[in-house]
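Numbering (our numbering), first residue to last: 2 to 262.
Just below is one structure, and these are the notes that go with it.
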Amino acid sequence: MTNDQRKPVMAGNWKMNINHLESIAYMNKMAFSLIDADYARTEVVIFPPFTDIRSVQTVVDADHLSITYGAQDISAHDSGAYTGEISGSMLKKLHTKYALIGHSERRAYHNETDESVNAKVKAAIKHDLIPMIAVGETLDIRQGGNAVEHTLNQVQGALKDVRSNYVSELVIAYEPVWAIGTGEVATPQDAQDMSIAIRAKVAKLYSQDVADKVRILYGGSVKAGNIKAIMEQPDVDGALIGGAALDPDEFLRIIRWPDQP
Ligand code: PGA
């Protein structure tokens, strides 16, 4: 399967930015600007804070938008005494399509491990949400020459005991930690090399057919000015965008990457 057979994904991760009122203005701008040709070429995903999801859903439903959205995290539990947590069934009720799992900020600041990431992947699948699993190495690990091994271990840990039919539809976002929010972008070749390694790992754990279907994104200081070279890599199927996605105009330029010079 070639890149042409995996629909590219452009996912905007708002992190802890944009309140629920601001999200309505943002979504209206997207609704006004995106045309059918954009949606035909690219799947556009937004990861708003939990408190915005209802507002995002309302705009998407009212205007029959083809934008999809996801949660930035998900509880590993179904329900119960877990103060502050949000369950997969709550997210599904809001027509949430994706759950972002294992973002490096959650691994670093909320002690998420490969085990908890794996539990969340299973919780997402149980509630019919598509996991978007974030993996990637820190600068120390890269400088020590262990970036590939580290990242592939994260992939294997996240997918432990996950059945192949679910793996073929999920998304893996390679986000080198040293490139997130720093302005330091990995080279397009780095993104391609790691995507090949991740795909080969999925092929080894499952099958070539599954590996050919899984979509692998790059994330870390993506902007309109660097997206084209990244997207020209055959194994990179899209991007997870933080800072640059906070500005809807910049996010639109990224979504329309083939138009960039
Ligand atoms: P960034 O963030 O684009 O601001 O580097 C990416 C991410 O953390 O998903």
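Note that CB positions come from ideal geometry on N, CA and C, so glycine has one too.
Quick check for students: name the residue ranges of the beta strand (DSSP E) that lie wholly in the segment 126-185, counting only runs of 3 or more.
Complete beta strand (DSSP E) runs here, min 3: 131-136, 172-175.
Residues in the same chain with beta-carbon distance under 6 Å from alanine 12, minus the five sequence neighbours each way, listed in chain order, please.
Numbered from 1 along the sequence shown, position 11 holds the residue referred to as residue 12. Cβ neighbours of alanine 12 beyond the five flanking positions: Val46, Leu241.
Would a C-beta distance cut-off of 8 Å place lysine 161 and histidine 128 closer than the cut-off?
Reading the sequence shown from its first residue, position 160 is the one you call residue 161. Reading the sequence shown from its first residue, position 127 is the one you call residue 128. For lysine 161 and histidine 128, no; Cβs fall outside 8 Å.
Where does leucine 247 sit, in a helix, a strand or coil, going by DSSP?
By 1-based counting over the sequence shown, the position of residue 247 is 246. Leucine 247: helix per DSSP, three-state reduction.
If we ignore side chains and look at the alpha-carbon of each, how far apart do asparagine 166 and arginine 216 end up?
For this step, residue 166 is matched to residue 165 along the sequence shown. For this step, residue 216 is matched to residue 215 along the sequence shown. Distance between the alpha carbons of asparagine 166 and arginine 216: 14 Å.
Which same chain residues end up closer than 7 Å to alanine 148 when comparing Cβ atoms and leaving out the 5 residues on each side of it in sequence?
Translated into positions along the sequence shown, residue 148 becomes position 147. Hits under 7 Å: Glu138, Ile142.
Residues in the same chain with beta-carbon distance under 8 Å from alanine 77, minus the five sequence neighbours each way, listed in chain order, please.
As a first step, residue 77 must be located in the sequence shown, where it is residue number 76. Contacts found: Ser117, Ala120, Lys121, Lys123, Ala124.
Excluding sequence positions up to five away, which residues of its chain have a Cβ less than 8 Å from the Cβ of methionine 28?
Position 27 of the sequence shown, counted from the first residue, corresponds to residue 28. Hits under 8 Å: Ile47, Ser56, Val57, Val60, Val61, Leu66, Ile68.
Under the assumption that tryptophan 258 contacts lysine 214 (Cβ atoms under 8 Å), give the Cβ distance between them as a whole number of angstroms.
As a working note, residue 258 is residue 257 in the sequence shown. As a working note, residue 214 is residue 213 in the sequence shown. About 22 Å; that fails the 8 Å criterion.
What is the C-beta distance between glutamate 170 and isoleucine 131, in whole angstroms, given that I count them as a contact (C-beta under 8 Å)?
On the sequence shown, residue 170 is found 169 positions in, with the first residue counted as 1. On the sequence shown, residue 131 is found 130 positions in, with the first residue counted as 1. Contact flag correct, Cβ pair sits at about 6 Å.
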